[in-house]
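Numbering (our numbering), first residue to last: 2 to 281.
For each residue, glycine too, the CB sits at the ideal point set by N, CA and C.
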């Protein structure tokens, strides 16, 4: 997911070229919801995709995940083909802001002021939270203080706060896979990761994933990060069009239904009043 102020798990996928095969084919009779939208490749929405379930996963020239489900609906409504391009969380933003090789990127990106200096954001979709992974169902930072060594994916916005609380007992890792390996092997006694990502990563194991309860010492627990699609800052028309679809999905229950499809709670849905004030 990324930068220290708001990150998701670092994907281990290397950029596999910039040309993605179109994963859809639009019928000639299709009438777009918005006329005159422009994309880097005419008639095709180029979408960056990291490996970060449940948000996104590449599948050959296609992709899957809850954000991909939404983007496919948007592309269909706008009569656009889709080309999926593999990215990492290190090169995702530059793919839009510098290289101009993706119209937007997916993967559960947090909306931050720092990122907004480089890219635009669509209307937001979901919240994320700090997930606590343990065998004992820990839910509080106070419980973590006596748990032993705690692993965390490096770069998350909670890293500084948790380091101040746990000191040398906080161990950082480059990604979810590495953190999980040490947790399963017993080298750490609990772990921290993005809640939605952790629910997938630890499914079917002896570990439980719980959203961290509010602790005034840890900023992310008092103000949950908001997720949206980073998009080319200058392509206001495309961003506005996609945002209209997202807001409609919020109103008609589509966003909530997608969360349910991936066994995620409706409490992660960003409500309309919050969405209206989100950074664009």
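query	result
Three-way DSSP call (helix, strand, coil) for residue 176 in this model	coil
Length at least 3, wholly inside the stretch 135-178: the beta strand (DSSP E) runs in chain order	151-154 and 171-174
C-beta contact flag for residue 133 and residue 145 at 8 Å	yes
Assigned exposure category for residue 246 - 16 Cβ within 10 Å defines buried	buried
Three CB pairs or more closer than 8 Å across the stretch 81-94 and the stretch 198-218	no
Beta carbon of residue 86 nearer than 8 Å to that of residue 48	yes
Any alpha helix (DSSP H) of 4 or more consecutive residues that is wholly inside the stretch 194-235	196-202 and 220-223
Helix, strand or coil at residue 126 according to DSSP, with G and I counted as helix	coil
Where residue 126 falls, given that 16 or more other Cβ within 10 Å makes a residue buried	buried
Burial state of residue 180 (16 or more Cβ within 10 Å)	buried
Span of the alpha helix (DSSP H), counted from its first residue to its last, around residue 243	237-253
Limits of the alpha helix (DSSP H) - the one that residue 72 falls within	67-78
Cutoff 6 Å; reference residue 278; Cβ partners in own chain excluding five residues on either side	none
Residue burial classification, residue 130 (beta-carbon count within 10 angstroms, cutoff 16)	buried
Residues bridged to residue 82 (per DSSP)	45
Cβ-based burial, residue 265 [other Cβ within 10 Å; buried from 16]	buried
Expected contact under 8 Å - CB spacing of residue 243 and residue 110 to nearest Å	Residue 243 to residue 110, Cβ: 14 Å. No contact.
Own chain, CB closer than 7 Å to residue 16, minus 5 neighbours either side, in chain order	Note on residue 16: pLDDT 36, under 50, position unreliable in the model; no value is reported.
Nearest-angstrom Cβ-Cβ length linking residue 231 and residue 122, presumed shorter than 8 Å	6 Å
Cβ neighbour criterion (16 or more within 10 Å) applied to residue 188	exposed
Burial state of residue 194 (16 or more Cβ within 10 Å)	buried
Residue 173 beta carbon less than 8 Å from that of residue 160	yes
Residue 154 vs residue 170 beta-carbon contact at 8 Å	no
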